[in-house]
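Data first, discussion second: the structure below is written as structure tokens.
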Amino acid sequence: MYPNYPYFAVAITRTCGSGGGSYIGKKLAQDFDIDLYDRKLLRLAAEDSGINEKIFAAADENTKKTLLYRVSQHVYDGSFIPPESGNFISDQNLFNYQAKVLRELLDEESYVCVGRAADFVLKDKPNVLTVYIDAPYEDRIEREMKRQGIGRSQAMHYIDKLDHYRESYYKYHTGRQWKRVENYDLCLDSAAIGLDNCVEVIKRVIELKFGVKCPR
């Protein structure tokens, strides 16, 4: 572990259908016996900001249906919009509070975070491993068909829509391209090496980078 950094974080970015969040992230958190933050982060951000958690959850869903992330950009810089402002519950400020929680949590515990542009939010922290999980399009279609019990066209629509949202969300808050490999410490093809092997590779990199061995 880096001197003076008793905890570490794994920030996972994943394409839809790659298994990066639904399997790999959960398995890592379970094996290291640490928390996984995704939707759970909304509750903590709500407690920190005083903004109702339902507003955070609604923003998550509503922005997937709008053009917001395609037509504008507000790169996270650590600042906050004050409560007296009319933009206090804007998407930008909701993101700011989620980022604040992620940064403060790293002083208190180790964790896995899926999405939320955590790789960018924590980019100045040495005790963070950033991971990008992808797989060939056909493999991702097959995975979503099986996972959701849907047809091929439905799976394609679901993947394309969610990937586009994630790409736009990432660009809006970071100013960076979502799939650029230079953004990440480790990039893995979950179809080529398998989900469980991805978990094992990440565990090994954690051991090499932080000197922390997985208890399981």
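In terms of UniProt numbering, the sequence shown opens at residue 1 and continues consecutively.
Just so you know, even glycine gets a beta-carbon here, dropped at the ideal spot from N, CA and C.
Keep in mind the model is a prediction, meaning the values are calculated, not measured.
Bounds of any beta strand (DSSP E) do not take in Ala135, whose DSSP letter is neither H nor E.
Taking a 10 Å sphere around the C-beta of Ser153, we find fewer than 16 other C-beta atoms and assign the residue as exposed.
By the Cβ criterion, the segment 3-22 is in contact with the segment 128-141, since at least three pairs of Cβ atoms, one from each stretch, lie closer than 8 angstroms. Cα atoms of Lys100 and Asp38: separation of roughly 14 angstroms, rounded to the nearest angstrom. In the structure shown, Val114 adopts extended strand secondary structure according to DSSP, grouped into three states. Apart from the 5 residues on each side of it in sequence, Lys213 sits with its Cβ closer than 6 angstroms to the Cβ of Glu207 in its chain, given in chain order.
The alpha-carbon of Ala118 is positioned some 15 angstroms away from that of Val181. If only uninterrupted alpha helix (DSSP H) runs of at least 4 residues are considered, those enclosed by the segment 156-196 are 190-193. The three-state secondary structure of Ile51, taken from DSSP, is coil.
Counting along the chain, the unbroken beta strand (DSSP E) around Arg14 starts and ends at 9-14. Our two residues, Asp139 and Ala192, have alpha carbons roughly 10 angstroms apart in a direct line. Looking at the DSSP output, Tyr23 shares a beta bridge with no other residue.
Annotation: Tyr97 is outside any beta strand (DSSP E); the continuous alpha helix (DSSP H) that includes it extends over 91-105.
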